[in-house]
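So the protein lines, in turn, are chains A and L.
Here the first sequence stands for residues 0 to 316, where the numbers follow numbering that gives the first Met the number 0.
Here the second sequence stands for residues 0 to 316, where the numbers follow numbering that gives the first Met the number 0.
2 protein chains.
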Amino acid sequence: MALGEFELIDRFFRRPSRRSDVLLGVGDDAALLEPPAGCALVAATDTLVEGRHFLAGAPGRSVGHHALAVNLSDLAAMGADPAWALLSLSLPEVREDWLEDFALGFYALADSHGVELVGGDTVRGPLVVTVEVLGFVEPALALRRSGARPGDVLFVSGWPGESAAGLAMLRGGVPMESRDPLVLRYMYAQPRIELGRALRGRASAAMDVSDGLLGDLGKLCAASGVGARIDLDALPISDRLLAAHGREASERMVLLGGDDYELLFTLPAAGADRRQAELTRDFPVTRIGEIEAGHEVLCERDGRVIEVTGGGYDHFA
Amino acid sequence: MALGEFELIDRFFRRPSRRSDVLLGVGDDAALLEPPAGCALVAATDTLVEGRHFLAGAPGRSVGHHALAVNLSDLAAMGADPAWALLSLSLPEVREDWLEDFALGFYALADSHGVELVGGDTVRGPLVVTVEVLGFVEPALALRRSGARPGDVLFVSGWPGESAAGLAMLRGGVPMESRDPLVLRYMYAQPRIELGRALRGRASAAMDVSDGLLGDLGKLCAASGVGARIDLDALPISDRLLAAHGREASERMVLLGGDDYELLFTLPAAGADRRQAELTRDFPVTRIGEIEAGHEVLCERDGRVIEVTGGGYDHFA
Chain A
0 MALGEFELID
10 RFFRRPSRRS
20 DVLLGVGDDA
30 ALLEPPAGCA
40 LVAATDTLVE
50 GRHFLAGAPG
60 RSVGHHALAV
70 NLSDLAAMGA
80 DPAWALLSLS
90 LPEVREDWLE
100 DFALGFYALA
110 DSHGVELVGG
120 DTVRGPLVVT
130 VEVLGFVEPA
140 LALRRSGARP
150 GDVLFVSGWP
160 GESAAGLAML
170 RGGVPMESRD
180 PLVLRYMYAQ
190 PRIELGRALR
200 GRASAAMDVS
210 DGLLGDLGKL
220 CAASGVGARI
230 DLDALPISDR
240 LLAAHGREAS
250 ERMVLLGGDD
260 YELLFTLPAA
270 GADRRQAELT
280 RDFPVTRIGE
290 IEAGHEVLCE
300 RDGRVIEVTG
310 GGYDHFA
Chain L
0 MALGEFELID
10 RFFRRPSRRS
20 DVLLGVGDDA
30 ALLEPPAGCA
40 LVAATDTLVE
50 GRHFLAGAPG
60 RSVGHHALAV
70 NLSDLAAMGA
80 DPAWALLSLS
90 LPEVREDWLE
100 DFALGFYALA
110 DSHGVELVGG
120 DTVRGPLVVT
130 VEVLGFVEPA
140 LALRRSGARP
150 GDVLFVSGWP
160 GESAAGLAML
170 RGGVPMESRD
180 PLVLRYMYAQ
190 PRIELGRALR
200 GRASAAMDVS
210 DGLLGDLGKL
220 CAASGVGARI
230 DLDALPISDR
240 LLAAHGREAS
250 ERMVLLGGDD
260 YELLFTLPAA
270 GADRRQAELT
280 RDFPVTRIGE
290 IEAGHEVLCE
300 RDGRVIEVTG
310 GGYDHFA
């Protein structure tokens, strides 16, 4: 049974509004929204292409989750409260079970952060998913990439590298239905919205790690006009990552793997210990190095510089 | 020469900010924007797929224009002032001349409406372009699809059908470089932002005609819970459309053709003549029928109902 575009939107993506700041949601030419006074609007968009950003044949639930998560991660990196999303779906065909699954994954994550889908577009074409998210933050408290200063202490949240390990398992033939924690971590990585909130007005700089820690740190340093030094022995490596890949490969996954949606951030040295202790009560955060003058990003072990080859994910390199 | 993603953004899409309400534009995890007090935020998104929404091999300039125009048309239909845009580009390869051309088309239209590109994403994949636009309108003045009432007078702007005629010429072998006015109209149709502004607080309902007048009128009527009657002899048919296709085919193009970005709107009967006279001083608008009780959309000529088969453009029908 072929569903038309409008039936499709109605059936899978139209739900009663839950936010009082949505004056008009899905169904008109555009959405009418009511931003809170005194806040900056925060806007981000990311596109996922089948076979490039998610595996061909990936379950709809994971793709729906992933498409929203990568965007929410951008808001987390700004310290923003997410509010609204728009969804553009290009689909080769209407497979109702896949779409229902996609909507489940999308809404499970949206609901957990109070995000409402307020508009979008569905077209026939190759499987490409674009989500735009909108949120808010007081302008003076927003986290930016450009505020890191020499002497600032460098942190990363959670356990980067696990997504890359999960992806490697899937590429190696592990079925997509696997409940292995590393596979689930790749399929359903969680954006660090709450940590972003806790960092606003506190971190001197922040960005999300979506293309690999080392490459993304390079971008943060370039935006701030600084360099950085990473202590390889301080990197957070989860027990399960270590068990699966050993120290050396795990380290590379932590430094170069993508799709983790962890936050990389800097704290001014003064008060960094106290702040770290406060953060650690609620979030897994690890001190991995420090910001330096210059423009180089160096990795070291026992005081010796170690070269780590390979960079972040650059879609056209 | 292959350009990386970040060089690509820098080279073609990063420009000095021109709007004081852009606190942070392209280059961080998300944009920081400052909406005006007392206004609703208006948000829309549309996706264009090569070979479906634009012809394979279409010049970048036309695709860049088209991708923004279809979105600005949605804002026009709400009576909104456009402000900001985000752009997601999925590209099979980096062809610098095409991208430069795309940016030219995009920015020419953006600049003419004071719109600033504040973020986006570039990925490798099939040629798919998604734009999201954000604008403002006082909530009480916003144009919606749902306000039409029986007795309201029905209008359309400009000369719908010309884009369809231009597309038919291209499909028939006319080269894309043609300067034929109908071809140019298809490649560079202009959104009716100024007319949308003039209608706010005045039109009882409005929407843009992007999928065909008849199908779109059906959506407006469904949203308003009314029917409508179109007087076929009142349809605006441009001289060049008539000269190229004759009366009958032209009428079908006006009723069923897409991509015109004209506005379909209703005015309350009381004062409609005066309002029409005012509008006509600045905009081409034509009275084409009226809103009725019920739910049917009928076309008539000399008091007899004429069946027009074929509907609007439904991407999955």
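Virtual Cβ for every residue (Gly too), placed ideally from N, Cα, C.
Closer than 8 Å is the cut-off here; do at least three beta carbon pairs connect the segment 107-118 of chain L with the segment 69-86 of chain L? These segments touch.
Reduced DSSP secondary structure (H/G/I, E/B, other) of F12 of chain A: Three-state DSSP puts F12 of chain A in a helix.
Name, going along the chain, the residues of the segment 286-306 of chain A whose beta-carbon falls closer than 9 Å to a beta-carbon of chain L. Considering only beta carbons, no part of the segment 286-306 of chain A lies closer than 9 Å to chain L.
Using a Cβ-Cβ cut-off of less than 9 Å, give me the residues of the segment 137-154 of chain A that come near chain L, in sequence order. Cβ contacts with chain L come from P138, A141, L142, R143, R144 and S145.
Where F101 of chain L sits in the DSSP three-state scheme: Helix.
DSSP puts E49 of chain A in a beta bridge; with which residues? Within the DSSP bridge table, the entry for E49 of chain A names A:F53 as partners.
So, with DSSP's three-state summary, where would you put R199 of chain A? Here R199 of chain A carries a coil assignment [DSSP, helix/strand/coil].
Residue from A:D45, A:G211, A:R300 and A:R17 whose Cα sits closest to the Cα of L32 of chain A: Looking at A:D45, A:G211, A:R300 and A:R17, the one whose alpha-carbon comes closest to that of L32 of chain A is A:R17.
Following the continuous alpha helix (DSSP H) through G245 of chain L, name the residue where it begins and the one where it ends. G245 of chain L -> alpha helix (DSSP H) spans D238 to L255.
Note down, one range per segment and in chain order, each beta strand (DSSP E) of at least 3 residues found wholly within the segment 173-226 of chain A. If only uninterrupted beta strand (DSSP E) runs of at least 3 residues are considered, those enclosed by the segment 173-226 of chain A are 204-208.
Can you find a CB in chain A that lies within less than 8 Å of the CB of S16 of chain L? Not closer than 8 Å to any Cβ of chain A, the Cβ of S16 of chain L fails to qualify, so no.
Excluding the 5 residues flanking A1 of chain A on each side, which residues of the same chain have their C-beta closer than 8 Å to its C-beta? Model confidence at A1 of chain A stands at a pLDDT of 46, short of 50, so the residue's coordinates are unreliable and nothing is read from them.
Identify each residue in the segment 17-40 of chain L for which the Cβ-Cβ distance to at least one residue of chain A is less than 8 Å, and report them in chain order. From the segment 17-40 of chain L, only L22, L23, G26, D27, D28, A29, A30, L31, L32, E33, P34, A36, A39 and L40 have a Cβ closer than 8 Å to chain A.
By DSSP's criteria, I287 of chain L is part of a beta bridge. Which residues make up the other side? Residue pairing by DSSP places I287 of chain L in no beta bridge whatsoever.
Nearest residue (CA-CA) to L198 of chain A, options A:A292, A:A79, A:I229 and A:L212: Of the candidates A:A292, A:A79, A:I229 and A:L212, the one whose C-alpha sits nearest the C-alpha of L198 of chain A is A:A79.
Starting from C298 of chain A, follow its DSSP beta bridges and name the residues at the other end. Paired residue(s): A:I229 and A:I305.
Using a cut-off of 8 Å between C-beta atoms, extract the partners of V117 of chain A located in chain L. Residues of chain L passing the Cβ test: A42.
For D110 of chain A, which of A:H64, A:A76 and A:L126 has the nearest alpha-carbon? D110 of chain A has its Cα closest to that of A:H64, out of A:H64, A:A76 and A:L126.
Please give the ranges of any beta strand (DSSP E) in the segment 75-148 of chain A, keeping only runs that are unbroken, at least 3 residues long and fully inside the region. Complete beta strand (DSSP E) runs here, min 3: 80-90, 115-123 and 127-136.
For the structure I just gave you, are there three or more beta carbon pairs, one from the segment 157-174 of chain L and one from the segment 182-190 of chain L, closer than 8 Å? Result yes; three or more Cβ-Cβ pairs closer than 8 Å.
Any residues in the segment 167-193 of chain A with a beta carbon nearer than 8 Å to a beta carbon of chain L? Which ones, in chain order? Under the 8 Å Cβ criterion, the segment 167-193 of chain A contributes no residue.
E131 of chain A: contacting residues in chain L (beta-carbon distance under 7 Å): The answer, in chain order, is T44, L85 and E131.
Just verifying my parser: in three-state terms, what is the DSSP assignment at L32 of chain L? Of the three classes helix, strand and coil, the one that applies to L32 of chain L here is strand, per DSSP.
Whole-angstrom distance between L103 of chain L and R13 of chain L, CA atom to CA atom: Their Cα atoms are separated by approximately 13 Å.
Among the residues of its own chain, which have a CB less than 8 Å from the CB of P235 of chain L, if the five just before and after it don't count? So the qualifying residues of the chain are V155, G157, W158, P159, V253, P283, T285 and I287.
C-beta neighbour in chain A for R123 of chain L, strict 8 Å: Yes - at least one Cβ of chain A is within 8 Å of the one on R123 of chain L.
Leaving out five residues before and five after R191 of chain A in sequence, what residues of the same chain have Cβ atoms less than 6 Å from its Cβ? Closer than 6 Å at Cβ, skipping near neighbours: A75, S156 and L262.
Report the option in A:A221, A:G200, A:S61 and A:I8 whose CA atom is closest to the CA atom of E291 of chain A. The option with the nearest alpha carbon to E291 of chain A is A:A221.
Starting from the C-beta of V25 of chain A, find all residues in its chain whose C-beta is less than 8 Å away, skip the five residues before and the five after it, and write them out in chain order. A distance below 8 Å between beta-carbons, with the five flanking residues on each side excluded, links V25 of chain A to the following residues of its chain, in chain order: I8, F12, R13, L116, V117, G118 and G119.
Kindly indicate which residue of L:L98, L:V132 and L:A276 has the alpha-carbon position closest to the one of E6 of chain L. Nearest option by C-alpha distance: L:L98.
Whole angstroms are fine: how far does the CA of L194 of chain A sit from the CA of D259 of chain A? Taking the straight line joining both Cα atoms gives about 14 Å.
Return yes when the C-beta of L22 of chain L is under 7 Å from any heavy atom of the ligand NAP, and no when it is not. Absence of the ligand NAP is noted for the structure shown, with no ligands found whatsoever.
Take S72 of chain A as the anchor and find which of A:R196, A:L22, A:A55 and A:P174 has the nearest alpha-carbon. Ranking A:R196, A:L22, A:A55 and A:P174 by Cα distance to S72 of chain A puts A:R196 first.
Taking the alpha-carbon of L278 of chain A as reference, which of A:R201, A:H112, A:L297 and A:V136 has the nearest alpha-carbon? Selection A:R201, A:H112, A:L297 and A:V136 evaluated against L278 of chain A yields A:R201 as nearest (Cα-Cα).
Starting from L278 of chain A, follow the alpha helix (DSSP H) in both directions and report where the run begins and ends. A271 to D281 is the extent of the alpha helix (DSSP H) around L278 of chain A.
Kindly indicate if chain L contains any beta-carbon less than 8 Å away from that of A197 of chain A. By the rule that beta-carbons nearer than 8 Å mark a contact, A197 of chain A does not touch chain L.
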